[in-house]
Amino acid sequence: MNFLFGEKEERLRSEIREFVKENMPPDYIGNMFVEEESDEGWDFAMSMARKMAQKKWLVMSWPEEYGGMGASTWERVVLAEEAAYWGIPGLSMGISGTAWVGPTLMISGTKDQQDRFLPPIAAGEPDGVWCTGYSEPDAGSDLASLQTRAVRDGNEYIINGQKVWTSCAHLARWMWLICRTNSDAKKKHQGLSIFMVDMRSEGLTVNPLRNLVGGHVFNEVFFKDVRVPAENLVGRENEGWHQLMTALGFERGIAISFTASVRRKFDALVEYVKDAGLMSRPRVRAQLADLAVDIETARLLAYEPVCLAEEGIMNVHAASRDKANIDHLHEKLARVGTEILGAYSQLDYLHKDSKWTKLGGTFEHLYYYNVGMAIAAGTTYVQKNIVGQFGLQLPRSY
Ligand SMILES: Cc1cc2nc3c(=O)[nH]c(=O)nc-3n(C[C@H](O)[C@H](O)[C@H](O)COP(=O)(O)OP(=O)(O)OC[C@H]3O[C@@H](n4cnc5c(N)ncnc54)[C@H](O)[C@@H]3O)c2cc1C
Numbered sequence: 020m021n022f023l024f025g026e027k028e029e030r031l032r033s034e035i036r037e038f039v040k041e042n043m044p045p046d047y048i049g050n051m052f053v054e055e056e057s058d059e060g061w062d063f064a065m066s067m068a069r070k071m072a073q074k075k076w077l078v079m080s081w082p083e084e085y086g087g088m089g090a091s092t093w094e095r096v097v098l099a100e101e102a103a104y105w106g107i108p109g110l111s112m113g114i115s116g117t118a119w120v121g122p123t124l125m126i127s128g129t130k131d132q133q134d135r136f137l138p139p140i141a142a143g144e145p146d147g148v149w150c151t152g153y154s155e156p157d158a159g160s161d162l163a164s165l166q167t168r169a170v171r172d173g174n175e176y177i178i179n180g181q182k183v184w185t186s187c188a189h190l191a192r193w194m195w196l197i198c199r200t201n202s203d204a205k206k207k208h209q210g211l212s213i214f215m216v217d218m219r220s221e222g223l224t225v226n227p228l229r230n231l232v233g234g235h236v237f238n239e240v241f242f243k244d245v246r247v248p249a250e251n252l253v254g255r256e257n258e259g260w261h262q263l264m265t266a267l268g269f270e271r272g273i274a275i276s277f278t279a280s281v282r283r284k285f286d287a288l289v290e291y292v293k294d295a296g297l298m299s300r301p302r303v304r305a306q307l308a309d310l311a312v313d314i315e316t317a318r319l320l321a322y323e324p325v326c327l328a329e330e331g332i333m334n335v336h337a338a339s340r341d342k343a344n345i346d347h348l349h350e351k352l353a354r355v356g357t358e359i360l361g362a363y364s365q366l367d368y369l370h371k372d373s374k375w376t377k378l379g380g381t382f383e384h385l386y387y388y389n390v391g392m393a394i395a396a397g398t399t400y401v402q403k404n405i406v407g408q409f410g411l412q413l414p415r416s417y
């Protein structure tokens, strides 16, 4: 099957490619979290976010009144593909805001909340950078076990507890936080609520957690009597699970962009293999052909829920299916890439601008980071549980 995009979408694609040529360093390959890990990288991401915002691309499918351009679904697909393929960092910047806080607020937020919180996200401003406070030391896959509490006190809530693995908490102005508001609810997911918390609040502390290659993206966040105005509650008290599921649906819908970013790395690998004269090796050819099949399959699968949604049909397990599929694809691409490049794949032990490091160390980077990517937004096993339950209607065994 060959997907042909319309004239409007192809025009947008060309415009984005022009934008990339004008604004991005040549041969830039986007790697997850690279910009968030240094001041220089973060400044670059923020400047790209502002440029994207000026073109109304940062949140192009949002209504114009909130800084979008009311783009069609397929225009949004083209932007997601192109931005991920070329690694435009602005879109991943403060991804919580553009990808799930904003869209969920448009469904569940009050008009006041929408007027206040959506414009800074759409404009790529520092005040529009969000982080997400879900996981806790004893609540990850089983998120409904979370213990951080919010207690109503007049026009405010007082929050106590701890979050962990909070990506970009040190860079964010706001947190999208889930916590317990009713400890006596019959089922543990029934007493939860979502709040929007100012990261500058008194009593809120952010501690860095270094990842396995020494980078700083994760944090642990402590709340000691943090006061949040009641107007920052999203939806109704104790009905936060509903908002959470909506937001997670947006978060897991990354198949289009993740497949495009995998495709870029694969294309760079194929070019390297040709230039280095490695195409004569049957094993290398077989590995690349195998990956090409997987990548094309992932791409077509990623289009499927979009096509169905256009027909008004929801495929509830598709995002989990595609996330699990891409987790495996990342792992395979990292393994094949590091094997083909060998010592030249290294990022950490040689300087990344060294003449010996090929393709900017992308494959070693992927090798390390795919471990985390297969955990973020729900582990591969958890995604497979969802496919089992909703896709195959198997009984829930956990
Ligand atoms: C890159 C990255 C970014 C992240 N960013 C954020 C963030 O911004 N905000 C935030 O709140 N959290 C964030 N997290 C945390 C992430 O959401 C959790 O790590 C994840 O949900 C898993 O929870 P856990 O670490 O407690 O592992 P656990 O839930 O303890 O899981 C441990 C193991 O048990 C398996 N397992 C658990 N339950 C089941 C089950 N029912 N069936 C089968 N297997 C099961 C899991 O697959 C895993 O292998 C991030 C994590 C990563 C890696």
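So the sequence shown is numbered by our numbering: it starts at 20 and just counts up by one.
We put the CB at the ideal spot given by N, CA and C, even for glycine.
Would you kindly work out how many angstroms separate the C-alpha atoms of residue i and residue j, rounded to a whole number?
i                 : j                 : result
alanine 353       : alanine 279       : 15 Å
serine 91         : glutamate 28      : 9 Å
methionine 112    : glycine 106       : Note that methionine 112 scores 47 on pLDDT, short of 50, meaning its location in the model is unreliable and no value can be drawn from it.
aspartate 294     : leucine 288       : 10 Å
glutamate 315     : tyrosine 322      : 11 Å
alanine 396       : aspartate 58      : 25 Å
arginine 192      : glycine 210       : 26 Å
isoleucine 114    : lysine 206        : 31 Å
aspartate 341     : arginine 271      : 9 Å
alanine 68        : glutamine 181     : 30 Å
valine 240        : leucine 263       : 19 Å
alanine 343       : alanine 249       : 38 Å
phenylalanine 409 : threonine 167     : 29 Å
leucine 124       : glutamate 37      : 32 Å
alanine 169       : glycine 259       : 12 Å
alanine 64        : arginine 199      : 34 Å
methionine 265    : serine 33         : In the sequence as displayed, the identity of residue 265 is threonine instead of methionine. Roughly 33 Å between the two C-alpha positions.
leucine 360       : glutamate 83      : 46 Å
glutamate 26      : threonine 129     : 37 Å
aspartate 286     : valine 312        : 13 Å
serine 364        : leucine 319       : 29 Å
glutamate 290     : lysine 351        : 18 Å
leucine 366       : glutamate 56      : 14 Å
threonine 418     : lysine 284        : No statement about residue 418 is possible, as the shown extent of the chain runs from 20 to 417 and does not include it.
arginine 437      : asparagine 42     : A question about residue 437 goes unanswered here, because the residues of the chain that appear run from 20 up to 417.
valine 96         : leucine 23        : 12 Å
methionine 71     : valine 120        : 18 Å
methionine 218    : leucine 196       : 11 Å
glycine 176       : serine 212        : Looking at the sequence shown, residue 176 is not glycine but tyrosine. The alpha-carbon atoms of tyrosine 176 and serine 212 are separated by roughly 11 Å.
alanine 308       : glutamate 329     : 32 Å
isoleucine 273    : glycine 407       : 20 Å
isoleucine 394    : glutamine 132     : 31 Å
glycine 147       : phenylalanine 136 : 7 Å
serine 66         : glycine 109       : 7 Å
cysteine 326      : leucine 310       : 25 Å
What distance in whole Å lies between the Cβ atoms of residue j and residue i, which are believed to be in contact at a cut-off of 8 Å?
i                 : j                 : result
alanine 118       : phenylalanine 269 : 6 Å
phenylalanine 277 : valine 247        : Not a contact, Cβ separation roughly 33 Å.
valine 390        : serine 160        : With 8 Å as the limit, valine 390 and serine 160 do not qualify as a contact, their Cβ atoms being about 16 Å apart.
alanine 338       : asparagine 257    : Rounded, the Cβ-Cβ distance is 26 Å, inconsistent with contact.
glycine 116       : tryptophan 149    : 4 Å
histidine 349     : methionine 392    : 6 Å
aspartate 244     : asparagine 179    : 6 Å
glycine 152       : methionine 194    : 5 Å
serine 154        : valine 183        : 5 Å
leucine 190       : tryptophan 61     : 6 Å
Should residue i go down as buried or exposed, given a rule of 16 or more other Cβ atoms within 10 Å for buried?
i              : result
alanine 377    : Reading the sequence as shown, one finds lysine at residue 377 and not alanine. Buried: at least 16 other Cβ atoms inside 10 Å.
methionine 333 : exposed
aspartate 346  : buried
glutamine 412  : exposed
alanine 188    : buried
glutamine 73   : exposed
arginine 30    : exposed
glutamate 94   : buried
proline 324    : buried
asparagine 404 : buried
serine 186     : buried
threonine 224  : exposed
serine 164     : exposed
serine 127     : buried
arginine 282   : buried
glycine 222    : exposed
Given 8 Å, three or more beta-carbon pairs between the segment 227 to 246 and the segment 49 to 56: Result yes; three or more Cβ-Cβ pairs closer than 8 Å.
Check your understanding: Any contact of the segment 137 to 151 with the segment 65 to 79, i.e. 3+ C-beta pairs under 8 Å?
Key -> Contact between the segment 137 to 151 and the segment 65 to 79 is present: three or more C-beta pairs spanning the two stretches fall below 8 Å.
Would the segment 353 to 363 count as touching the segment 384 to 398 if we require 3 or more Cβ pairs under 8 Å?
yes
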